Amino acid sequence: MDTAIVLNQIFLKTADNQMQTLQDLKHSKVSNSSGQLIPMKIQSTAYISSSLADTQMAALEGFLYITTEKQSSSKGIKLNTLNLFFLDYMFKVFDVDQSQMIRTSLLICDPCTIVLLNSNGQMTPPLSSTISFWRQSPDSEVYMYKGVPTDDQESDDSQIFSNPMISFMNRQIRFPIIEKFSVSLGAFYFKTTSDFYFAIQPSYFDLEQYTTTGYTTTGFYMKSRDQVPKNVTFFCVKDSRYNGTTGAQFLGSLPDYNGTVIVKEEDSKQSESIKIHPIGKMNKWSTNSIGDTLSISSVKSEGGEFFVQYHIQQDQEISSTFAPTGAVSKTTGSVETTTKVSRGVSGLFILVLVSLIF
Numbered sequence: 066m067d068t069a070i071v072l073n074q075i076f077l078k079t080a081d082n083q084m085q086t087l088q089d090l091k092h093s094k095v096s097n098s099s100g101q102l103i104p105m106k107i108q109s110t111a112y113i114s115s116s117l118a119d120t121q122m123a124a125l126e127g128f129l130y131i132t133t134e135k136q137s138s139s140k141g142i143k144l145n146t147l148n149l150f151f152l153d154y155m156f157k158v159f160d161v162d163q164s165q166m167i168r169t170s171l172l173i174c175d176p177c178t179i180v181l182l183n184s185n186g187q188m189t190p191p192l193s194s195t196i197s198f199w200r201q202s203p204d205s206e207v208y209m210y211k212g213v214p215t216d217d218q219e220s221d222d223s224q225i226f227s228n229p230m231i232s233f234m235n236r237q238i239r240f241p242i243i244e245k246f247s248v249s250l251g252a253f254y255f256k257t258t259s260d261f262y263f264a265i266q267p268s269y270f271d272l273e274q275y276t277t278t279g280y281t282t283t284g285f286y287m288k289s290r291d292q293v294p295k296n297v298t299f300f301c302v303k304d305s306r307y308n309g310t311t312g313a314q315f316l317g318s319l320p321d322y323n324g325t326v327i328v329k330e331e332d333s334k335q336s337e338s339i340k341i342h343p344i345g346k347m348n349k350w351s352t353n354s355i356g357d358t359l360s361i362s363s364v365k366s367e368g369g370e371f372f373v374q375y376h377i378q379q380d381q382e383i384s385s386t387f388a389p390t391g392a393v394s395k396t397t398g399s400v401e402t403t404t405k406v407s408r409g410v411s412g413l414f415i416l417v418l419v420s421l422i423f
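Numbering of the sequence shown is given in our numbering, commencing with residue 66 and proceeding in unit increments.
In structure tokens, the structure reads:
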């Protein structure tokens, strides 16, 4: 644990005579009830100075977050005869060190990039953040990415979660419900438009034995590189009078070429599953059925990471004289599908913003 005594002995200094201790930088926040970090603005060269031994410095667990020049550039608007400039107007950084609510309209941030940092390595799995009470305005778009943003545009299908989502048939689907989920990453970020609201806290939410909260819904599950592989099974709320679809989108990297991620939906009459080796670009799968349960597991995934966005869509009411004759699986990418039917069926720039979490 990085104590105040240690952080007070480490200084961030600049050529134009600014100086802050890492302890001050760590606690430079908008308010006590918010993790939003107030950056240190640097317009010259900067360096870290300390009298601590190299071994003490190496033992630090937190990290400095340094924006790029583009991210920290001023954005101006003109109001009557006044020119108003807001530094970092569309770019917000939060320390996930406490429970907090974040809403883009209150941040006056649209479009908005929200970076979330978690350095808590004491929990299991480490660096976990739980997101709940997700709400969006009808025209809002939200994309979640691993890591921190760069000046480059994110490539297509590189998000680990989104709402709306682009389906297997290249159709945009907007989900009214986002299930509670956890992200076990030291850094991840949202890119949003319009109004977006959610709660976040430093904890891990176990999806095992969970029950979804709506007939048409989507959620998220991941395994981090440090996380021990496990199988999770949760229950799907459904109305048997209606048909529908179940699906998933996959992204990740497994060091073992034979490593796979398995998603399976099943009930007493049928079962559909997919086995896939995740890659850096999203693969998609869907099936024309909704099971009582949905399970996510992996084989030979030690030391790797993967991200799964699952989704369930209730469709039309089934006629008393018609019932679907079987499930049809759709997949993209190099994947293996199995079906079982039972007999019953960057550095410092000219201007940067520096934030710290420990």
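We put the beta carbon where it would ideally sit given N, CA and C, even for glycine.
Since we're looking at a predicted model, the values are computed, not measured.
Quick check on the DSSP output: the alpha helix (DSSP H) that includes residue i runs from which residue to which?
i, result
"Ala313", "Counting along the chain, Ala313 falls outside any alpha helix (DSSP H), though it belongs to the beta strand (DSSP E) covering 307-318."
"Ser170", "169-172"
"Asp89", "87-91"
"Val71", "69-72"
Am I right that residue i and residue j are in contact with their C-beta atoms under 8 Å? What's the rounded C-beta distance?
i, j, result
"Ile107", "Lys94", "18 Å between Cβ atoms; not a contact."
"Ser305", "Lys329", "Actually they are not in contact, since the Cβ atoms of Ser305 and Lys329 sit about 19 Å apart, beyond 8 Å."
"Cys301", "Thr283", "Not confirmed; about 12 Å, so no contact."
"Leu181", "Phe159", "5 Å"
"Thr310", "Thr358", "Thr310 to Thr358, Cβ: 16 Å. No contact."
"Lys303", "Ile355", "5 Å"
"Ser259", "Asp321", "Incorrect: roughly 41 Å between the Cβ atoms, too far for contact."
"Leu316", "Ile225", "6 Å"
"Phe299", "Tyr275", "4 Å"
"Phe246", "Phe198", "So it is not a contact: roughly 12 Å between Cβ atoms."
"Asn183", "Val161", "4 Å"
"Gln27", "Lys349", "In the structure as shown, the chain begins at 66 and stops at 423. Residue 27 is therefore absent and cannot be evaluated."
"Ser426", "Gln165", "Lying outside 66 to 423, the shown extent of the chain, residue 426 is not represented and no answer is given."
I'd like the span of the beta strand (DSSP E) that includes residue i, first residue to last.
i, result
"Ala123", "Looking at the DSSP string, Ala123 is not in any beta strand (DSSP E); the run it does join, the alpha helix (DSSP H), is 119-123."
"Ala111", "111-115"
"Leu77", "75-79"
"Tyr286", "282-288"
"Lys340", "335-341"
"Val95", "Here Val95 belongs to no beta strand (DSSP E), and DSSP marks it neither H nor E."
"Asp380", "370-382"
"Leu49", "Absent from the structure is residue 49, since the part of the chain shown begins at 66 and ends at 423."
"Glu244", "Taken as a continuous stretch (DSSP letters only), Glu244 belongs to no beta strand (DSSP E), as it is neither H nor E."
"Thr131", "First, the residue type needs correcting, since residue 131 is Ile and not Thr in the sequence shown. Where Ile131 is concerned, the enclosing beta strand (DSSP E) stretches over 128-131."
Tell me which same chain residues have a C-beta within less than 8 Å of the C-beta of residue i, skipping the five on either side of it?
i, result
"Pro229", "Glu206, Gln237, Ile238, Arg239, Phe240"
"Met84", "Phe76, Leu77, Lys78"
"Ala69", "Gln88"
"Leu117", "Val71, Gln74, Ile75"
"Asp81", "Gln108, Ser109"
Take residue i and list the residues in its own chain whose beta-carbon comes closer than 7 Å to its own, dropping the five residues that flank it on each side.
i, result
"Ser338", "Ile327, Val328, Lys329, Thr403"
"Tyr307", "Gln379, Asp380, Gln381, Glu382, Ile383"
"Asn73", "Thr86, Gln88"
"Pro294", "Lys288, Ser363, Ser366, Glu367"
"Ala111", "Leu77, Lys78, Thr79, Leu413"
"Asn323", "Lys365"
"Arg290", "Gly368, Gly369, Glu370"
Considering only residues of the same chain and omitting the five flanking positions on each side of residue i, which have a CB-CB separation below 6 Å?
i, result
"Phe41", "The requested residue 41 is not part of the displayed model; the chain covers only 66 to 423."
"Ile75", "Leu87, Ser115"
"Lys256", "Thr178, Tyr208"
"Ser399", "Reliability of the predicted coordinates at Ser399 is poor, the pLDDT of 40 falling under 50, and the value obtained from them is presented with this limitation in mind. For Ser399, where only same-chain residues beyond five positions count, there are no Cβ hits under 6 Å."
"Asn185", "Pro267"
"Tyr262", "Arg168, Arg200"
"Asn296", "Ser362"
Checking contacts by CB at 8 Å: is residue i closer than that to chain D?
i, result
"Leu90", "Judged by its chain identifiers, the structure shown contains no chain D, having just a single protein chain."
Legend entry - Cβ contact (3+ pairs, closer than 8 Å) linking the segment 230-242 and the segment 259-268: Look at the beta carbons and you see the segment 230-242 not touching the segment 259-268: under three pairs across the two are nearer than 8 Å.
Legend entry - Segments of 4+ residues assigned as alpha helix (DSSP H) that fall wholly inside the segment 154-225: Counting only runs of 4 or more, we get 169-172.
Legend entry - At least three beta-carbon pairs within less than 8 Å, the segment 210-224 to the segment 161-171: No, because fewer than three Cβ pairs between the segment 210-224 and the segment 161-171 fall closer than 8 Å, the two stretches do not touch.
Inset, instruction - Evaluate the contact criterion for the segment 185-203 versus the segment 249-259: three or more CB pairs, one atom per stretch, below 8 Å. - result: Yes, since at least three Cβ pairs between the segment 185-203 and the segment 249-259 fall closer than 8 Å, the two stretches touch.
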